[in-house]
Amino acid sequence: MLVLRSRLEICFSFFTKLKDPVLKEQNSDICYRIKCECELMYIRNTRQYFKERFDQHLNGDSEHSALSEHIIQTGHKVEWEDADVICTVRGDCKRFFTEMIHIRKSKDCLNKITDWQHLGHSYDNLLVPLT
Ligand SMILES: [Zn+2]
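All letters in the sequence shown, in the order written, are residues 165 to 295 by the numbering used here.
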């Protein structure tokens with residue numbers, strides 16, 4: 165009887181430690197990807213909540229990102245459903261480095277060269293575009 169009780173306690177404590185999943189819009193400290201209707205991707209990082217940053221792109225952000233310029237120039241539309249979190253990265257330097265790697269690895273990216281130009285060329289052979 166004592167053994168059974170212990171197993172139930174272990175089982176109960178295991179399941180009570182499960183966390184609720186974080187909603188996409190509630191993610192922060194992330195690298196994210198937004199897919200345009202023309203299939204081009206925009207990859208960036210932010211410390212902000214994802215939805216807040218996404219809305220800034222749509223409303224003409226202050227930094228004139230490649231995405232907001234693309235939307236203005238082409239009239240293309242991007243949808244929240246076509247935006248996703250690539251990964252969560254704590255720390256500004258790590259997050260910017262991770263962003264540059266994802267941009268360089270991706271085909272069909274509309275990011276500006278200034279978004280990834282500081283990534284050393286020693287990584288070139290390792291970052292073959294994904295097919
Ligand atoms: Zn487009």
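For every residue, glycine included, the Cβ atom is placed at its ideal position computed from N, Cα and C. No experiment lies behind these values; they were computed from the predicted model shown.
{"Check": "Buried or exposed (CB count within 10 angstroms, at least 16 for buried), residue 196", "Outcome": "buried"}
{"Check": "Short Cβ contact (8 Å threshold) for residue 139 with residue 208", "Outcome": "What the structure shows of the chain is the stretch from 165 to 295, and residue 139 is not part of that stretch, so it cannot be assessed."}
{"Check": "Proximity of residue 274 and residue 187 at Cβ, strictly below 8 Å", "Outcome": "no"}
{"Check": "Bounding residues of the alpha helix (DSSP H) (the contiguous stretch that carries residue 189)", "Outcome": "It is not in any alpha helix (DSSP H) - residue 189 carries neither H nor E in the DSSP assignment."}
{"Check": "Pairwise C-alpha distance: residue 206 and residue 284", "Outcome": "21 Å"}
{"Check": "Residue 202, buried or exposed, once every other Cβ within 10 Å from all chains shown has been counted against 16", "Outcome": "exposed"}
{"Check": "Uninterrupted alpha helix (DSSP H) stretches inside the segment 191-240 (no shorter than 4 residues)", "Outcome": "214-222, 230-238"}
{"Check": "Exposed unless 16 or more other CB atoms sit within 10 angstroms - verdict on residue 286", "Outcome": "exposed"}
{"Check": "Candidates 261, 220, 278: closest to residue 244 by CA position", "Outcome": "220"}
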